[in-house]
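**Student:** I'd like to ask you about the structure that follows.
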Amino acid sequence: MLKDIALNTLPGLEDLPDEVTIPGYAEDHPWIPNQDQNYVFRKDDVRVVLGHLSTPSPEGLLLTGPRGCGKSSVVYQLHAWLRRPLVAVSGYKQAEFEDLLGTKEIVDGDTLTMDGPLVQALGTPYCTFLFDEIDRAAPGVSVALNSLLDGYDLVHVLDSGRRIPPAEGFRFMSTANTNGMGDLSGDYNTAHVLDTAFIDRNWVHSVWYPTPDEEFRILRGAVDPDIADDPIHRSIRLANDVRYLYTGRDNEASASGQALGVSGSIETTMSTRSLVMLWRVMMLFPNVDQPIIHALKLAVTNKCTPEGAEAIHRLAEAHFGDG
Ligand SMILES: Nc1ncnc2c1ncn2[C@@H]1O[C@H](COP(=O)(O)OP(=O)(O)OP(=O)(O)O)[C@@H](O)[C@H]1O
Ligand SMILES: [Mg+2]
Numbered sequence: 007m008l009k010d011i012a013l014n015t016l017p018g019l020e021d022l023p024d025e026v027t028i029p030g031y032a033e034d035h036p037w038i039p040n041q042d043q044n045y046v047f048r049k050d051d052v053r054v055v056l057g058h059l060s061t062p063s064p065e066g067l068l069l070t071g072p073r074g075c076g077k078s079s080v081v082y083q084l085h086a087w088l089r090r091p092l093v094a095v096s097g098y099k100q101a102e103f104e105d106l107l108g109t110k111e112i113v114d115g116d117t118l119t120m121d122g123p124l125v126q127a128l129g130t131p132y133c134t135f136l137f138d139e140i141d142r143a144a145p146g147v148s149v150a151l152n153s154l155l156d157g158y159d160l161v162h163v164l165d166s167g168r169r170i171p172p173a174e175g176f177r178f179m180s181t182a183n184t185n186g187m188g189d190l191s192g193d194y195n196t197a198h199v200l201d202t203a204f205i206d207r208n209w210v211h212s213v214w215y216p217t218p219d220e221e222f223r224i225l226r227g228a229v230d231p232d233i234a235d236d237p238i239h240r241s242i243r244l245a246n247d248v249r250y251l252y253t254g255r256d257n258e259a260s261a262s263g264q265a266l267g268v269s270g271s272i273e274t275t276m277s278t279r280s281l282v283m284l285w286r287v288m289m290l291f292p293n294v295d296q297p298i299i300h301a302l303k304l305a306v307t308n309k310c311t312p313e314g315a316e317a318i319h320r321l322a323e324a325h326f327g328d329g
């Protein structure tokens, strides 16, 4: 049922030795996510997620970080490439723990319990349950997972207290834009404070945007081959300048970004997701007036204040000329 998969068959991990393997499903399983052929695995994140997948202890893994930096996709794509089933749900304000357990339904006059996503995942060997955007669900929902993360069976309260022991290889992972302390940035205003007793039962790994080299490889895979490398590099420098203006972290900012002298002063950032979107729009509309500004508006600046948009457009003009 399982076979060893060499990690150096995954894009971005080619230089690992052949002996580094991890077991995945030998046969198909409907819950194995689809592979993204342009995905680029980033070692710092992969190391943590694989370490967590391989550890036999019950604690969870919480991936935190800004929007569009690669938290959900690293979990989906590792499961896709390692051929492991993944059951993913997203948190939202009205979510309840019972939604994870199942529903009661009346079939031909009988009341039946239909198993929900967590119960199904627990019963499937080497399956991971991913609670995406866990900070958008009320803290009571995640706290109800505490005993599972301590290694105890789940008690199915909708089904007469049936006990559900985790199948071999079961893992619990979650993602959040905040690190559980609530929205400190003003960007994620629907985020809740997570209970520290829940956080304490998780490894917490902070994901950040890819390095310029990693982001180049990501975009090179997403952008038509007839587009030269140079404009792709320029767009990455632009994104890093916007990130600098947003965070004040100057490690990747260009001279033009720093020269604006407004670090930490704009309210939006530019994610890897929006960079990929920017290129999709530019490829679709190459002949409009100022294609970069046109694409920036659709992907980034129509979503922020006029002052933020103006600063980003000025930066784009500095990086791309009037193109
Ligand atoms: N390593 C990568 N290789 C290829 N594409 C990537 C990679 N990381 C991110 N992307 C691109 O960025 C998009 C956003 O990534 P992802 O959904 O993982 O972000 P996220 O951190 O979960 O964001 P959010 O907080 O908004 O949920 C992906 O759909 C993909 O297009
Ligand atoms: Mg996500």
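Final position of the sequence shown in my numbering is 329; the numbers increase by one with none missing.
All C-beta atoms, glycine included, are put in the ideal place defined by N, C-alpha and C.
1) What do you reckon, are the CB atoms on Gly-74 and Arg-279 nearer than 8 Å?
2) Where does Lys-77 sit, in a helix, a strand or coil, going by DSSP?
3) Start and end of the alpha helix (DSSP H) containing Gly-108?
4) Is Thr-181 near ligand 2, with its Cβ less than 7 Å from a heavy atom?
5) With C-beta atoms as the reference, is Phe-326 less than 8 Å away from Arg-240?
6) Which residue's Cα is closest to the Cα of Cys-133: Ile-11, Pro-91, Tyr-82, Asp-50?
7) Helix, strand or coil, according to DSSP, for Tyr-98 in the structure here?
8) Please go through the same chain and pick out, in chain order, the residues whose beta-carbon is closer than 6 Å to the beta-carbon of Asn-185, but skip the five residues on each side of it.
9) Nearest by alpha-carbon distance to His-85: which of Pro-64, Ala-101, Gly-175 is it?
10) Could you give the distance in angstroms between the alpha-carbon of Ser-63 and the alpha-carbon of Gly-157?
11) Between the alpha carbons of Leu-321 and Leu-244, how many angstroms are there, rounded?
12) Classify His-319 as helix, strand or coil using the three-state DSSP reduction.
13) CB-CB under 7 Å to Ile-238, same chain, minus the five flanking residues each way: which ones, in chain order?
14) Out of Asn-195, Ala-127, Ile-38, Gly-146, which one is the CA nearest neighbour of Asn-183?
15) So, do the region 195-213 and the region 132-147 have three or more beta carbon pairs nearer to each other than 8 Å?
16) Taking its Cβ as the centre, do 16 or more other Cβ atoms sit within 10 Å of Phe-178, making it buried, or is it exposed?
17) Start and end of the beta strand (DSSP E) containing Ala-413?
18) Classify Lys-77: buried if its beta carbon has 16 or more other beta carbons within 10 angstroms, exposed otherwise.
19) Nearer than 7 Å: is that true of the beta carbon of Ser-212 relative to any heavy atom of ligand 2?
20) Ser-153 lies in the alpha helix (DSSP H); which residues open and close that run?
21) Look at Ile-318 and Val-213 and say whether their C-beta atoms are less than 8 Å apart.
22) On a Cα-Cα basis, can you pick out the residue from Met-276, Asp-24, Asp-10, Arg-48 that is closest to Asp-217?
23) Kindly indicate the opening and closing residues of the alpha helix (DSSP H) around His-300.
24) Whole angstroms are fine: how far does the CA of Asp-236 sit from the CA of Pro-123?
25) Name, in chain order, the residues that DSSP records as bridge partners for Thr-27.
26) Could you check how far apart the C-beta atoms of Leu-8 and Asn-14 are, in whole angstroms? I think they sit under 8 Å.
27) Would you say the beta carbon of Arg-286 is closer than 7 Å to some non-hydrogen atom of ligand 1?
**Tutor:** This is what the structure gives:
1) yes
2) helix
3) Run containing Gly-108: none in the alpha helix (DSSP H); it sits in the beta strand (DSSP E), 108-113.
4) yes
5) yes
6) Pro-91
7) coil
8) Thr-70
9) Gly-175
10) 7 Å
11) 7 Å
12) helix
13) Phe-222, Leu-225, Arg-226, Val-229
14) Asn-195
15) yes
16) buried
17) Residue 413 lies beyond the range of the chain shown here (7 to 329); nothing can be said about it.
18) buried
19) no
20) 152-155
21) no
22) Here the sequence assigns Thr to residue 217, which means Asp is not the residue at that position. Checking every option, the nearest Cα to that of Thr-217 belongs to Arg-48.
23) 297-305
24) 45 Å
25) Ala-12
26) With a Cβ gap of about 19 Å, Leu-8 and Asn-14 do not count as contacting.
27) no
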